[in-house]
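Here is the structure we will look at, set down as structure tokens.
Residue numbers (my numbering), protein chains in the order written: chain A, 2 to 113; chain B, 15 to 124.
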């Protein structure tokens, strides 16, 4: 398995501000994924973060809104910029290993 | 576009009753399908994958390409099976991008 931690576990933020979410993995991985789960909705992939290159964003997600850093093979950050109440979601990072994806515990974000 | 549909948001059964959580998909290629589970206060984790054709915690799921379905079944539900279940489809080969359904909450009552 993979041990994945996320910080913060939850936060309440004011609209217009930004929040950076950290994801730490216990061993080196090439790819890390960032998902969003809006209330009552499915998990949706935001982007794939590869070390040493820019993140690849899915349709509907842009770098200006969700900038991602991947400084090394065990760590990544996702920033939710200029937040609005619609950004209230659970944000999860995940890593693939042994043809399986392992998920972090998630960050519950509430935007007022 | 690839899509995973779970028509039931909530499935409530009594302990010992059979369970079937429905999942239908649309995918133009040869799909790889998974069931993920999230127990209360725990993170999302893999339950089973269709290529393994295995039974995990008494659950099985058979890929039916004709009906484009991957329903999750268990003959006798237990209270500890209460959780959120997500069906997911892996796009392409190698790359682990997953498309998830909206999930079904299974509630097993004593």
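In this text, a Cβ means the ideal position worked out from N, Cα and C, and glycines have one as well. The model shown is predicted, which means the values in this text are computed figures rather than measured ones.
Classification of residue i by the beta-carbon crowding that lies within 10 angstroms, buried from 16 upward
i: residue 63/A; result: exposed
i: residue 102/A; result: buried
i: residue 96/A; result: buried
i: residue 38/A; result: buried
i: residue 16/A; result: exposed
i: residue 7/A; result: buried
i: residue 99/B; result: buried
i: residue 19/A; result: exposed
i: residue 45/B; result: buried
i: residue 115/B; result: buried
i: residue 44/A; result: buried
i: residue 88/A; result: buried
Within-9 Å CB hit, residue i to chain A
i: residue 67/B; result: no
i: residue 115/B; result: yes
i: residue 36/B; result: no
i: residue 100/B; result: yes
i: residue 112/B; result: yes
i: residue 59/B; result: yes
i: residue 51/B; result: no
i: residue 18/B; result: yes
Closer than 9 Å to chain B by CB, residue i
i: residue 84/A; result: no
i: residue 108/A; result: no
i: residue 25/A; result: no
i: residue 51/A; result: no
i: residue 19/A; result: no
i: residue 113/A; result: no
i: residue 101/A; result: yes
i: residue 9/A; result: no
Beta-bridge partners of residue i, as assigned by DSSP
i: residue 77/A; result: 24/A
i: residue 95/B; result: BP columns for residue 95/B are empty, so no partner.
i: residue 97/A; result: 102/A
i: residue 51/A; result: 32/A
i: residue 59/B; result: 51/B
i: residue 104/B; result: 46/B and 112/B
i: residue 79/B; result: Paired residue(s): none; residue 79/B is not in a bridge.
i: residue 90/A; result: 110/A
The ligand COA heavy atom lying under 8 Å from the CB of residue i
i: residue 31/B; result: For the ligand COA, the structure offers nothing, since it holds no ligand at all.
Within 8 Å, do at least three Cβ pairs link the segment 87-97 of chain B to the segment 17-35 of chain B? yes
For the 8 Å Cβ check, are there 3 or more pairs between the segment 48-57 of chain A and the segment 17-25 of chain B? no
Does the segment 31-44 of chain B come close enough to the segment 21-40 of chain A to have 3 or more Cβ pairs within less than 8 Å? no
When the Cβ atoms of the segment 68-81 of chain B are set against those of the segment 81-89 of chain A, are three or more pairs found closer than 8 Å? no
Positions along the segment 52-84 of chain A whose CB lies within less than 8 Å of some CB in chain B: none
Near-chain B residues of the segment 30-49 of chain A (beta-carbon distance less than 9 Å), N- to C-terminal order: 32, 34, 36, 38, 41, 42, 43, 44, 45, 46 and 49
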